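Peer 1: Position 118, counted from 1, in the sequence shown is what our numbering calls 869; the numbers after and before it change by one each time, with no gaps.
A virtual CB, placed ideally from N, CA and C, is assigned to each residue, including glycine.
Predicted model only: the values in this text are computed from it and were never measured.
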Amino acid sequence: MQPTLVFTLCLFFIAAAFATADYVRPQPRKTLEFPWNSKPASYPQQVHISLAGDNHMRISWITDDKSAPSVVKYGTSPGTYSSTAQGESTSYSYLFYNSGKIHHTVIGPLEPDTVYFYQCGNQGSEFQLKTPPAEFPVTFAVVGDLGQTGWTKSTLDHIDLCKYDIHLLPGDLSYADYVQRRWDTFGELVQPLASARPWMVTEGNHEKERILLFNDGFESYNARWKMPFKESGSSSNLYYSFEVAGTHVIMLGSYTDYDMYSDQYNWLKDDLSKVDREKTPWLLVLFHVPWYNSNEAHQGEGDWMMAAMEPLLHAASVDVVLSGHVHAYERSKRINKGKPDPCGAVHITIGDGGNKEGLARKYKNPQPEWSVFREASFGHGELKIANSTHAFWSWHRNDDDEPIKSDEVWITSLASSRCLAEKSHELRKILMAP
Ligand SMILES: *[C@@H]1O[C@H](CO)[C@@H](O)[C@H](O)[C@H]1NC(C)=O
Ligand SMILES: [Fe+2]
752 MQPTLVFTLC LFFIAAAFAT ADYVRPQPRK TLEFPWNSKP ASYPQQVHIS LAGDNHMRIS
812 WITDDKSAPS VVKYGTSPGT YSSTAQGEST SYSYLFYNSG KIHHTVIGPL EPDTVYFYQC
872 GNQGSEFQLK TPPAEFPVTF AVVGDLGQTG WTKSTLDHID LCKYDIHLLP GDLSYADYVQ
932 RRWDTFGELV QPLASARPWM VTEGNHEKER ILLFNDGFES YNARWKMPFK ESGSSSNLYY
992 SFEVAGTHVI MLGSYTDYDM YSDQYNWLKD DLSKVDREKT PWLLVLFHVP WYNSNEAHQG
1052 EGDWMMAAME PLLHAASVDV VLSGHVHAYE RSKRINKGKP DPCGAVHITI GDGGNKEGLA
1112 RKYKNPQPEW SVFREASFGH GELKIANSTH AFWSWHRNDD DEPIKSDEVW ITSLASSRCL
1172 AEKSHELRKI LMAP
């Protein structure tokens, strides 16, 4: 063919694609297949990292070999490890499944915004991680309900293209759904990203895996995805908080008690009483089941938790609430008690990571006044906090495998508004209540 003819044809097809630009929603993709891993039993598998108190990082991995050491060697140049840290290990059994040895080793103190090279258990490849910055700007990648399908892979590939410091995951990780081997394949799938940047997760319904009269639930999740709950004064891995670069992040549990008399509620009050908005002007909260949701899926499931905790979060001037569960994307105006309120939080549902259950396509109509943007597509979010007053939120749809930006908004902090001062009395009253 003539080059000019090819060129004309190309133009024609591009024009045709634009002419029929109506967005065609992609179909669910198959669960990925994982080849049998033939590495030696002492090789580290499923390496992931998480923040563990100021300037520390927890390195987690699994070995088939029960005698493999829980040691991490690390340093700032490849192949030379100036520091060594000794950790702990655990394991669990679930019906006929026995887990490998699950290692958790805290390293530090670490310098902010620095690349470290590390090796787990004196075996296998070298990994590298970057610590978050000590000051703004800081960028969070956010997505829930990941699973392990072709769409999960597409979402992770897109996240990998963005410059981010920390991954926030508001629940529903592996979709193992009682088949424990799937926790292992999920660990392998996320390792390239989760070994390089901290993954801060909270639990969803798919983490529960409870069998009546047999277990209490969350066995696998708690053993594998240990979060800094002790470091943040919590008695449960199901809720905790951490601070990074001027941002206080609270991870709550939708599937543990949250009423006024619960441990979680009392821990939350205690945690909020320690937040210093001079030091951390931004306050984020994550949990699994959305409170503001105009999708037909999971309608009203968050109502009880909202009734119990929204007054407290409102009094504390929470900036943004991120949740998952509904397999779609939705962003609200600042809202409180069901009504737009300049001192309320922006609520974002981002349960569109790409799991095997597919998208939640049906919405309630008309779109509620508080709902700004809603769409049932797979994708991920990015929250770039520029400084103490401004943050940029964007949602990236996995459209034709391109990370297309589909929704974006500048959010200004409540710390820079009158809200914080106006509500200080209200907050003190709730925090002082027995
Ligand atoms: C904060 O960032 C925004 C957006 O980049 C910018 O317009 C504003 O001037 C910054 N404020 C300060 C105090 O630097
Ligand atoms: Fe869920």
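Measuring alpha carbon to alpha carbon, tell me which residue in SER1167, SER1175 and PRO1117 is nearest HIS1234.
Peer 2: A question about residue 1234 goes unanswered here, because the residues of the chain that appear run from 752 up to 1185.
Peer 1: Per DSSP, which residues does TYR1114 bridge with? Please list them.
Peer 2: Note: TYR1114 sits in a beta bridge opposite ASN1046.
Peer 1: Run through DSSP, which three-state label would ALA772 get?
Peer 2: Confidence at ALA772 is low in this model, with a pLDDT of 44, below 50, so its placement is unreliable and the value that follows should be read with caution. ALA772: coil per DSSP, three-state reduction.
Peer 1: Are the segment 824-832 and the segment 960-980 in contact at 8 Å, needing three or more beta carbon pairs?
Peer 2: Taking 8 Å as the limit for Cβ pairs, the verdict is that the segment 960-980 does not touch the segment 824-832.
Peer 1: What are the boundary residues of the alpha helix (DSSP H) that GLU784 is part of?
Peer 2: Note, GLU784: premise wrong, no alpha helix (DSSP H); not H, not E.
Peer 1: With DSSP as the reference, label GLY1183 as helix, strand or coil.
Peer 2: Here residue 1183 is Met; the residue named in the question, Gly, does not match the sequence. Reduced to three states, the DSSP call for MET1183 is helix.
Peer 1: Would you give the residue range spanned by the beta strand (DSSP E) that SER1145 belongs to?
Peer 2: Per DSSP, SER1145 belongs to the beta strand (DSSP E) from 1141-1150.
Peer 1: Can you tell me which of the three DSSP states MET1011 falls into?
Peer 2: If DSSP states are grouped into helix, strand and coil, MET1011 belongs with coil.
Peer 1: DSSP beta-bridge partners for GLN879?
Peer 2: Answer is PHE868.
Peer 1: So, with DSSP's three-state summary, where would you put GLU994?
Peer 2: GLU994 falls in the strand class under three-state DSSP.
Peer 1: Spatial neighbours of THR1031 within its chain, please: C-beta separation below 7 Å, excluding the five flanking residues on both sides.
Peer 2: If we look at THR1031 and ignore the five residues flanking it on each side, its Cβ neighbours are GLU994, GLY997, THR998 and HIS999.
Peer 1: Over what stretch of residues does the alpha helix (DSSP H) that includes THR1163 continue unbroken?
Peer 2: Taken as a continuous stretch (DSSP letters only), THR1163 belongs to no alpha helix (DSSP H), being part of the beta strand (DSSP E) at 1153-1163.
Peer 1: Would you identify the three-state DSSP class for HIS1039, choosing helix, strand or coil?
Peer 2: Correct three-state label for HIS1039: coil.
Peer 1: To the nearest angstrom, how far is the alpha carbon of ALA1184 from that of ASN1017?
Peer 2: The alpha-carbon atoms of ALA1184 and ASN1017 are separated by roughly 10 Å.
Peer 1: If I'm right that GLU1081 touches ASN1044 with Cβ under 8 Å, what's the distance once you round it to whole angstroms?
Peer 2: That belief holds up - the Cβ atoms of GLU1081 and ASN1044 are roughly 7 Å apart, short of 8 Å.
Peer 1: Quick check: what's the CA-CA separation for TYR869 versus GLN942?
Peer 2: Taking the straight line joining both Cα atoms gives about 14 Å.
Peer 1: Thinking C-alpha only, which one of ASP1027, PRO863 and ARG975 is nearest ASN806?
Peer 2: If we check each option's Cα against that of ASN806, PRO863 comes out closest.
Peer 1: May I ask which residues mark the beginning and end of the alpha helix (DSSP H) holding MET808?
Peer 2: Element bounds for MET808: not the alpha helix (DSSP H) but the beta strand (DSSP E), 808-814.
Peer 1: Could you work out which residue in VAL798, LEU897 and SER905 is closest to LYS1186 when comparing CA atoms only?
Peer 2: Because the chain is modelled from 752 through 1185, residue 1186 falls outside the range shown and cannot be assessed.
Peer 1: State the start and end residues of the unbroken alpha helix (DSSP H) segment that holds GLY955.
Peer 2: It is not in any alpha helix (DSSP H) - GLY955 carries neither H nor E in the DSSP assignment.
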